[in-house]
Each structure stands twice: as structure tokens, then as C-alpha cells.
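Peer 1: Mind looking over this structure? Questions follow.
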Amino acid sequence: PVVKFRKNYKPSPYLIKNTELIFQLFEDHVLVSASLNIESNPKSAESVNLPPMELDGVALELLEISIDDKELSDSDYQLKQDLLIIQPTTAQFNLQTLCKIYPQKNTSLEGLYTSGGKFCTQCEAEGFRKITYYLDRPEIMSAFSVRIEGDQQKYPLLLSNGNPASRGDLTDGRHFVEWHDPFPKPCYLFALVAGDLDCLEDEFTTMNGRKVKLELFVDKGKLDQCQFAMDSLKASMRWDEEKFGREYDLDLYMVVAVSDFNMGAMENKGLNIFNTKYVLANEKTATDADFEGVERVIAHEYFHNWTGNRVTCRDWFQLSLKEGLTVFRDQKFSEDMQSKPVQRIDQVKIIRSAQFAEDSGPMAHPIRPDSYIEMNNFYTVTVYNKGAEVINMMHTLLGEAGFRKGMDLYFERHDGQAVTCEDFVRAMEEANDVDWTQFRNWYSQAGTPLVNVKLTQLGAGQFHLDCEQSCPPTPEQQSKSPFMIPIKTGFLDAAGNSLKFKVEQGDWTDEALLILTENKQSFKIECDAEQIIPSLLRDFSAPIKLAYEYSLTQLATQFASDPNSFNRWDAGQNLMSRLLLSNSPTLSATDKEIVEQAFSAILHDEQLDNALKALAVQLPSLNSLIGQSDKVDLDQLFNKSNQLKQHLAKSLEPVWFSIYNTLAGDNAGARWLRNVALSYLLIASEAQYFELAANQITHATNMTDELAALQVIAKSKNGFESEYVEQFYQKWQNEDLVLDKWFSAQVLNEQDNVIDYIRSSLLEHEKFSIGNPNKVHSVISTFSANNLVQFHHASGAGYALLADLVIQLNQINPQIAGRLATQFNQWKKLDSNRQTLIKSQLSKIISIDALSNDVFEVVDKSLK
Ligand code: HT7
Ligand code: ZN
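Here it is, written out as C-alpha cells:
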């Protein structure tokens, strides 16, 4: 495997000005003709000498090749592993190729493939090279014209990017459509879809009065699950106009939903392709969380039209330029559409459970990576979510108006270009006249900074807040320079009331942004109170770990009354994490009581909304506890977390019962809290409360309640044999996305026979398909990421299951196999028995024949 380095970037010696493609679709193959107008690149020093031109191509059968209409002989070109090499003789020429490809056999779901009888594409990051020979790198921006020919009956719809230019009939029952995209684009944004689909049509009038046709294509019979996605699309289009002044630029916006898809969705220009999971939703089939997912992903792909498509990445090391920024934009959109603190808590949970883990594991990388073997392995929570946190810090530092000024300048300067993260930072800096030399460390350094904070009282009303930052070594980066860290801070009195204070010589305030730039820094605080409780890192103002020695009472006070909703939730998490991660093997009675009382106060707080209550009374996830630790005693952690859940379930049983019985589940927050109550009741006594769940699954009128009941039933002692689990299957066996939920609910059962059950029943089930990433995710990723008790079973059976699936998928779908393999990445934090077991599975994987680059890169780094 070849490692690519960011520092070795060189501009391409050649450009492709125009790309004309003809696709002839047949039942077992596709013919692709390409006509490329090529020019030497004036920005490349080498190009004056007309060096050999290397075009990328993978699994292509080259049938014809000519330059300027003259057919090349065998000696005029070279076919090497994944490359076609030609020797240009002029600075401008036209290259024509004809290739044969086999999309029906393409299980990698990259390039052109088939899903449910239709043709579709996925070209990001490097999938276009599986379609035709090309300069498959994002800085090559070309104007595309595409003609698609296929059987009229099987493929009445023939779609590509841009606007339809012409269509007509051919012989043998075939027809064609031609498309032209007026915006030059990198080939990773190319898309083609051919099939027979239903369409939901709508229209959007832009801020300048232009009419845009909106078309949402789904499998036949699914139109009743489309309206929410369409509404979300229109809301996103309006939001981007209002918040960022960005208008849609084509006359047509199409979204196609397919079942077999490696990620959530893809922002191809004018023709988004989506995983059905992020399009199809109605009350009966989708949960409240699913609706939020649809809204978020529809928005994310739409926002890419400006942050990604109009301004794209120069090279793949710059991925966070478009992804971090677009995640930031979809997060702000969701905050405006839903509850802001609830959204922020969800965002932070992802950072703490998945990103902190990545940052402390073998795959740690800066948001702008320095090297990669397989680019697909770098679509990570670091590039996406930490990338969004870095943008969020800019937003915090500059304020809404300053941030907008920077965005405007970025678009003004770079519209139509392929640029770098540096270009983005510079636009922000120059629009606001600030110097962000140090801020750039967030782009170049991996790892999660830790800030230790201490408060000392100097005299009456005079305090010092001493901060010390450090960042642990990560692969390839042993020592780190200090980061610029904005810490949003307030102070509370012992009763939890917000206090006025002054920082240094500043004005009296009840909230301040402390900006840490040194390794050690001290802030002088004036505050007219005896005892003050700092409320630090409000709204998670930086992606760091912060340590402050709160007493348990102080945390309980903050949990009860911090005016910052995020910090209020966080204090509860902090309180529980402290107890669960302490060295002591069990929880003391006082520990349990402190949490019980804190929960009781939250649940009886009439001002607090139900969604925040639901969040506040859930224990920190095991993943976030592991993600935050350097070493972890899993057995002790599982034990203590069970003890705490049992205690809270039992001691607050009447409260859970009353919530369950009195709360009308007529909105998402209420349904959530009521279902949390149900899960506590089943922990308190399965025998006593099983009937509630049985009754709920039988009479539920929406999927949120139906699934919540299924989850507790499937988790119960006789979960696998339960008639309700079987009834759920019978009811939903033809609804693919609901079946994914059915699979997932079962793999969360924590009893010892779950692994056998997964192997013998679920993986062998007629509705399970190893080629479908949603199914693999429902069963294997859900099991290994969310059933930690069984995944980490001391026998090693959970590890063997995951390794077997990685090996099975290695050839079928390397991208998914690589992603699955990352589930082993936390192994160095575990005890030596588990370390040995995982290491032996990793060694087994790395020694198999024909190991893909995707899996090799992950496993090799993990073993180092
Ligand atoms: N920009 C896209 C990233 C992507 C992808 C999507 C689908 C299948 C494979 C993929 N590889 C990379 C998705 C996004 O961030 O919007
Ligand atoms: Zn994206």
C-alpha cells in the first residue's frame, strides 16, 4: 500500500476543460465513451515540458482509445495497475476512450453500481476512476455533458447533473436523455441514476424570484414517506438564503433514494443520491430521531451546494474545508429548527463518545490529515465533527456578524475554485482583521487538549482562575504547541444563582469568554460572593476535556440550576462519570443517593422541558466513559453502571410510573421522557412491568413508541423468543428500514447467548444481506458499538464475530470493512486478557490474502 502525504501536493500538469460522456446501459455491462478536452496546466511548473499524463482507472476494460480522432496503437499508451499513461505531444488535445464496466457485479458501491434494479453512482472520494479513465482529483474542474441510453421500460428515468438538454427514442425499445451541467465541477460530484421510480414534485421560489423545480425520486409505493424530506429541503433552501445569503443556482434539484449506500447521502451537483434511511419517513415507519436525521442530512447535502460544490477542495487532505463547515451549517440549522440545547447536547455526545475515542486511538489525525493510504478511511468524526467544532470556535470568537463577514469574503474570493483550509482561515482572518496564526494549530495538531482549571481566592471578592493546557502525544506528533481555546464561563453562588463578575479590567457581566493561548494562564476574577462555583466551557465552547475539582455537592447544585442548559446537563454527566470512573469497585450508598436526589429534582422541575429531562436522567454512555479514559476496567465499569441504573430504577420507581402514566405522548419530548421512564421500569422489575411494554407495542400509533417498546422487550430475558418480537417482524417484514430497527433491537440483548443468536439467526436471516450497508450496520456495528457487555465478553466471542465480518466484507465492500475494523481501536485501554484476544483477531485479519487498503490501513495502525 502506498502512503500519500499532504506535503507532497503538486498541481496536476494537465486540466480537463470539457468532459463528454456517453453511457450505454445493458443488462450485464455498461459501455462508457469519454471525450476529454485536455490542456496543460499553467499553474504546474512541469507542464511546459509536456510530461506523461497519468489517468486513473480501476477495473476498466479499455476497448478503444484515440487522441484528436486518431486511434492509438498499443505502443502509444501504457496500462499499468490502475493507471492509463499517455504521452501528449501538444498542449491542447482531445482524448477519447471507450471502456466496458460491470456495474451489476460492483459490490463496493463505489463508481457505477446497481441497487434494487436501478443504476446509480457514488464517486466521492475516488469512485469516478471505476467509471472511466480520468484525472480523479477534486481540483480538476470540468464542464460535463452526459448522454445516457437505456431500455425505455426498465429505465424510464435517465438522470444526471445539471439540466436536461434533449431526449428521444432509439431502436430496440431504447431511449436516451442528454444532460448539461453549466457549472464546472470535479468528477467526485458526477452522478447518474437510471431506473423506474416514483416522484414527488414541488417548487421553490428563491429570494430573487427564480423558480426551482424540486424532484424527490423513491422506489415505487413509497410516496407516502416523502413529504417530510421535501419540506426539509425547502426549509434548508430558505434558511441558507436568510442566514448566509446563499441562493440555489440551477433550475432543477433532484434527490434519489437508494437502499444500498455506503454513507448517509451524497451532494452530487443538482442530483443528490441518498440512503433511503435519510429520505423515507412517516409517523408509522420512522421515529422522532429518524425525522431529525432526515431533516439534518437533507440540509447537509443541500448546504454543500455552496460549501463543497461552488467552492470545493483542492485535494482530499482539505476534506474538512467542506465537511467541517457543512456539518457546522447543518448543526446551526437544526438548532434553529429544533431545541438549541438538545441539539448541542447531541452534538457533544458524538464528540465525547466517538471523536475523543478516535483522538486517543491509533487512527488519531488532525482535522486536516497529513497522510493517508485509503481516503475512504478519513471520512471520520474528526474531519466532520471536530472539524465542525473548530468552525464553531471561529463563530464564537467572531460572533454572528463577524463570522458572516468571513463567509461572505470566502465566497467572494473563491466561488468556482478548488481551495484549501488555509484559504478559509485567511478569509475569516482578513474579513475581521484578526491574527489567527495560533488558531491554525487546530488544523495541524491531533489529540484532545486537556485543560486543568483551579480557582483560588485571593481576598474578599478576589479570585484567580488558573488554567493549564496540555495535549497527549498522538501517532506522528509527540509534542504539541498550545491551542487557542475559548472558554465560555459564568459563576454561580452556593444556591446555584448566577453571579455578576469582572474578568481582569473588564465590565461587570454574567458570562465571559476567556481565551486561553498559553500553556499556563491565569485570569483575575472579581466577584462579590463568598463561595463561587465556576460554570466552565458553557455550550462546549471548545472540543477539549476540562478538569475542575468540583465537590459532588457543587455538581449537584449546577445540575439543579445552572442557567446554561448545556452545562446543567453536563454537570449531571460529570457527576455520574466521576462516580462510575472512580477507583472504588462499588458505589457507596451516599453516591447513589446523591444521583437519586439530583434526578428527583430534575424530574420534578416544572420549568424544564421534557426532552432535556430525558437527556438529564440518562447515564453517560459507556462509549463516552471509555472515550474519556486512558485505561479502563470494563468489568468494574459495567458493574457500577448496572448498580446505578438499578438503584435509580428502584428508588424512583413511583416517579417513573407516574411519568409513564400521566404524560401524554403527544410530542417528541414527551414521548422521549415517557419511553425513558418505561426503560427504567423494566430495569426495576421486568416481571412487573413487561405488560406495559407489551401493551405499548400492540397499541402504538407511531414508530417512536412501537420501537421503544420493542427495544425493552428484545432486551428482556426471553427477548429472542418473545412473541412480540416475532409479531413486529410479521408486521414490518416488507418495510426494509423498519426491519433494520428490528435487527438492531435484538443485538442489544446483553445475555450470553446473543452472539450465537446473531450468528445462527440474524446473519442467516432471509432479510439480512451482507451487501447492504444498512443491514451490516444494524447488526454488526450496533452490536460492537452499543452492546459493550457482550462485545467485550471475556471469552472473546464478540471480537471473533466482528473479525469474521471484517474478513467477509474485505472483498465485497472494503469501505464498510475498513469502517467496521475501527471498532477494535480502543483495545490498548483494556485489560491484558482482552488486549490479547483483540490482538489475535487483528493479526488474523492482517494475514488474510488480498487484504484491501481500507482494512490494511486501519488494522496495521491498530497493531503498531
Ligand atoms: N460528501 C459525502 C461523503 C462521502 C460519501 C457519501 C456516500 C457514499 C460514500 C461516500 N464517501 C464519501 C457525504 C457527505 O458528507 O455529505
Ligand atoms: Zn458532507
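full-length UniProt numbering puts the first residue of the sequence shown at 7, with every later residue one more than the last.
Heads up, the beta-carbon is just placed ideally off N, CA and C, and yes, glycines get one too.
(1) Please find out if some non-hydrogen atom of ligand 1 comes closer than 6 Å to the beta-carbon of Q736.
(2) Return the bridge partner residues of D568 from the DSSP annotation.
(3) Have a look at D257, N740, M269 and D611 and flag the residue whose alpha-carbon is nearest the alpha-carbon of L220.
(4) For L654, which residues from the same chain have a beta carbon less than 7 Å from its beta carbon, with the 5 sequence-adjacent residues on both sides left out?
(5) Measuring only the C-alpha atoms, how far is S345 from L561?
(6) Is it the case that the Cβ atoms of G496 and S541 are separated by a distance below 7 Å?
(7) Within the continuous alpha helix (DSSP H) that includes T596, where are the two ends?
(8) Are the stretch 352 to 359 and the stretch 376 to 391 touching, with three or more C-beta to C-beta distances below 8 Å?
(9) Measuring only the C-alpha atoms, how far is T96 from L56?
(10) Please confirm whether any heavy atom of ligand 1 lies closer than 6 Å to the CB of Q468.
(11) Which stretch, first to last residue, makes up the beta strand (DSSP E) that contains G330?
(12) Ends of the alpha helix (DSSP H) at A715?
(13) Could you check where the beta strand (DSSP E) with I28 kicks off and where it finishes?
(14) Out of curiosity, what's the CA-to-CA distance linking D597 and K526?
(15) Tell me whether the stretch 423 to 433 and the stretch 465 to 480 touch, counting them as touching only if at least three CB pairs, one residue from each stretch, are closer than 8 Å.
(16) Is it buried or exposed, T454, if we count other Cβ atoms within 10 angstroms and call 16 or more buried?
(17) The beta strand (DSSP E) spanning residue 876 covers which residue range?
(18) Got a sec, what are the start and stop residues for the alpha helix (DSSP H) D178 sits in?
(19) Does the distance from the C-beta atom of V387 to that of E364 stay below 7 Å?
(20) If contact is defined by three or more beta carbon pairs under 8 Å, each pair taking one atom from either stretch, is the stretch 224 to 241 in contact with the stretch 179 to 196?
(21) Under 6 Å: does the beta carbon of E863 sit that close to some heavy atom of ligand 1?
(22) Is DSSP giving K651 helix, strand or coil here?
(23) Could you have a look at T388 and say whether DSSP puts it in helix, strand or coil?
(24) So, G304 versus A235, is the Cβ gap smaller than 7 Å?
(25) Taking S121 as the reference, which of D321, K486 and D202 has the closest Cα?
(26) Within the structure, which residues are defined as neighbours of ligand 2 by a Cβ-heavy atom distance below 5 Å, reported in chain order?
(27) Ligand 1 heavy atoms versus the CB of E712: any closer than 6 Å?
(28) Can you tell me whether I854 is buried or exposed, with buried defined as 16 or more other CB within 10 angstroms of its CB?
(29) Can you tell me the Cα-Cα spacing of L403 and M490, whole angstroms?
(30) Are there three or more Cβ pairs, one per stretch, closer than 8 Å when the stretch 19 to 36 is compared with the stretch 134 to 154?
(31) Is the beta carbon of R143 sitting closer than 7 Å to the one on D376?
(32) Tell me E67's beta-bridge partners as DSSP assigns them.
(33) Mind checking whether the beta-carbon of M381 lies closer than 6 Å to any heavy atom of ligand 1?
(34) So, do the stretch 108 to 128 and the stretch 268 to 283 have three or more beta carbon pairs nearer to each other than 8 Å?
(35) Which residues does DSSP list as the beta-bridge partners of L519?
(36) Measuring straight from C-alpha to C-alpha, what distance separates H610 and N681?
Peer 2: With the given structure in hand:
(1) no
(2) DSSP, once it has assigned bridges, lists no residue as partnering D568.
(3) D257
(4) V601, E602, F605 and Y686
(5) 24 Å
(6) yes
(7) A595 to H610
(8) yes
(9) 8 Å
(10) no
(11) G330 -> not in any beta strand (DSSP E); alpha helix (DSSP H) instead, spanning L325 to M343.
(12) M709 to K721
(13) Y20 to L31
(14) 33 Å
(15) no
(16) buried
(17) There is simply no residue 876 to check, as the chain begins at 7 and stops at 870 in what is shown.
(18) Segment: none, D178 is in no alpha helix (DSSP H) and carries neither H nor E.
(19) yes
(20) no
(21) no
(22) helix
(23) helix
(24) The question names Gly, but residue 304 is Ile in the sequence shown. Taking 7 Å as the Cβ cut-off, I304 and A235 qualify as a contacting pair.
(25) D202
(26) E329 and T332
(27) no
(28) exposed
(29) 10 Å
(30) yes
(31) no
(32) K106
(33) no
(34) yes
(35) K494
(36) 17 Å
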